[in-house]
Amino acid sequence: MILLILAIIVSFVPAVLLYRWLKNRIKDDAAFRELCGSTLKKGILSVFPILLCSLVFQLIIRLIGVKESNPLLYEALYTFIVLALAEELVKYLAFRRTLQQTEYRVSWVDVTALMAIVGIGFDLIESVVYAIGASVPVVLIRGICIPHAGYGFIVGYFYGKSVKNGKPAVKWIGFLLAWLLHGLYDFSLSEPFIALNDNLAIVAILLALLDIVLVLLLVRFVKKAKKQAAYTEPLPAEAA
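Here's what the structure looks like:
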């Protein structure tokens with residue numbers, strides 16, 4: 153038990169470091185750091201509406217009546233809708249609420265960082281939940297991957313691109329990509345999926361590696377943005 157608790161604490165380190173780095177990317181901008189703090193809180197508190205949303209989705213899926221007749225289809229619906237869609241939808245709404253409540257003139261890189269921070273906040277809480285009954289290696293691997301930060305990067309990047317270029321439909325590309333990757337990752341870990349073929353376990357490993365790549369791309373984008381005005385100049389007012 154002590155070893156598991158230590159693993160949970162250690163697993164928080166990558167997410168906390170990433171949050172602090174995003175928060176302090178402009179050290180003399182106190183307003184942005186304050187905005188990051190309130191955004192992190194929204195990400196943490198999003199766990200409650202996510203639970204409610206998941207419950208509603210689960211009740212709807214149960215009414216379809218495929219759990220016994222087609223376990224694989226049920227698991228696909230459960231992972232893609234009850235888990236992935238509920239989480240991505242509520243996180244996105246928390247992100248939008250952040251933009252609506254602030255007077256800070258956000259840029260493309262700002263909205264990308266903020267959406268990632270929403271993901272980090274939720275990830276910190278979810279990591280504790282997933283740690284219950286999990287092994288130490290699983291806890292540590294999840295901590296290294298920071299999956300919700302990567303999904304947040306996708307949503308935030310395309311959201312900023314959408315507002316910057318005046319193409320509203322583009323923001324939904326990011327949301328759909330994040331949702332599909334999230335759902336596929338959860339589905340790849342399910343027993344009915346792995347039962348199809350033992351070799352399919354590689355899918356979950358590849359998607360976990362992709363989560364790490366997404367975090368690295370987030371860091372790369374934020375660093376790159378410092379040198380390009382297109383990423384740092386304030387977005388039009390409709391960013392909210």
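Taken in order, the sequence shown gives residues 153 to 392; the numbers are from the numbering used here. Quick reminder that beta carbons are idealized off the backbone N, C-alpha and C, glycines included.
What is the C-beta distance between Gly295 and Val162, in whole angstroms, given that I count them as a contact (C-beta under 8 Å)? Within the sequence shown, numbered from 1, the residue matching residue 295 stands at position 143. Within the sequence shown, numbered from 1, the residue matching residue 162 stands at position 10. Contact holds; Cβ gap of about 7 Å.
Ignore the nearest five residues each way along the sequence and tell me which others in Pro320's own chain have a CB closer than 7 Å to its CB. For this step, residue 320 is matched to residue 168 along the sequence shown. Closer than 7 Å at the Cβ level, and outside the excluded window around Pro320, lie Ser314.
Where Ser163 sits in the DSSP three-state scheme: Counted from its first residue, the sequence shown places residue 163 at position 11. Three-state result, Ser163: helix.
Top-ranked residue by Cα proximity to His300, from Val322, Leu332, Asn317: As a first step, residue 300 must be located in the sequence shown, where it is residue number 148. Nearest of Val322, Leu332, Asn317 to His300, Cα basis: Leu332.
By the DSSP assignment, the alpha helix (DSSP H) with Lys375 in it spans what residues? Translated into the one-based positions of the sequence shown, residue 375 becomes position 223. Residues 353 to 377.
Considering only their Cβ atoms, is the gap separating Gly195 from Ala265 smaller than 8 Å? Stepping through the sequence shown from its first residue, residue 265 is reached at position 113. Stepping through the sequence shown from its first residue, residue 195 is reached at position 43. Not closer than 8 Å, so no.
For Ile293, which of Leu329, Ile160, Leu174 has the nearest alpha-carbon? One-based indexing of the sequence shown puts residue 293 at position 141. Scanning Leu329, Ile160, Leu174 for the CA closest to the CA of Ile293 turns up Ile160.
Nearest residue (CA-CA) to Val270, options Leu156, Tyr171, Phe184, Cys205: Working through the sequence shown from its first residue, we reach residue 270 at position 118. Ranking the options by Cα distance to Val270, first place goes to Tyr171.
How long is the line joining the alpha carbons of Glu239 and Gly304, rounded to whole angstroms? Here residue 239 refers to the residue found at position 87 of the sequence shown. Here residue 304 refers to the residue found at position 152 of the sequence shown. Distance between the alpha carbons of Glu239 and Gly304 is about 11 Å.
Relative to the alpha-carbon of Val367, which residue among Glu385, Trp324, Gly312, Ile306 has its alpha-carbon at the smallest distance? In the sequence shown, counting from the first residue as 1, residue 367 sits at position 215. Nearest option by C-alpha distance: Ile306.
Would you call the stretch 270 to 283 and the stretch 180 to 198 in contact, with 3 or more CB pairs under 8 Å? Taking 8 Å as the limit for Cβ pairs, the verdict is that the stretch 180 to 198 does touch the stretch 270 to 283.
To the nearest angstrom, report how far apart Gln210 and Gly217 are at their CA atoms. As a first step, residue 210 must be located in the sequence shown, where it is residue number 58. As a first step, residue 217 must be located in the sequence shown, where it is residue number 65. The alpha-carbon atoms of Gln210 and Gly217 are separated by roughly 11 Å.
Pull up the distance between the alpha-carbon of Lys323 and that of Leu224, whole angstroms please. For the purposes of this step, residue 323 is taken as residue 171 along the sequence shown, with counting starting at 1. For the purposes of this step, residue 224 is taken as residue 72 along the sequence shown, with counting starting at 1. So the two alpha carbons sit approximately 31 Å from each other.
Which residue marks the beginning of the alpha helix (DSSP H) containing Asn222, and which one marks its end? Sequence index remark: in the sequence shown, residue 222 carries index 70 (1-based). No alpha helix (DSSP H) contains Asn222, which DSSP labels as neither H nor E.
Check whether the Cβ atoms of Ile233 and Ile202 sit closer than 8 Å, and answer yes or no. The count along the sequence shown starts at 1 and reaches residue 233 at position 81. The count along the sequence shown starts at 1 and reaches residue 202 at position 50. Not a contact, by the Cβ cut-off of 8 Å.
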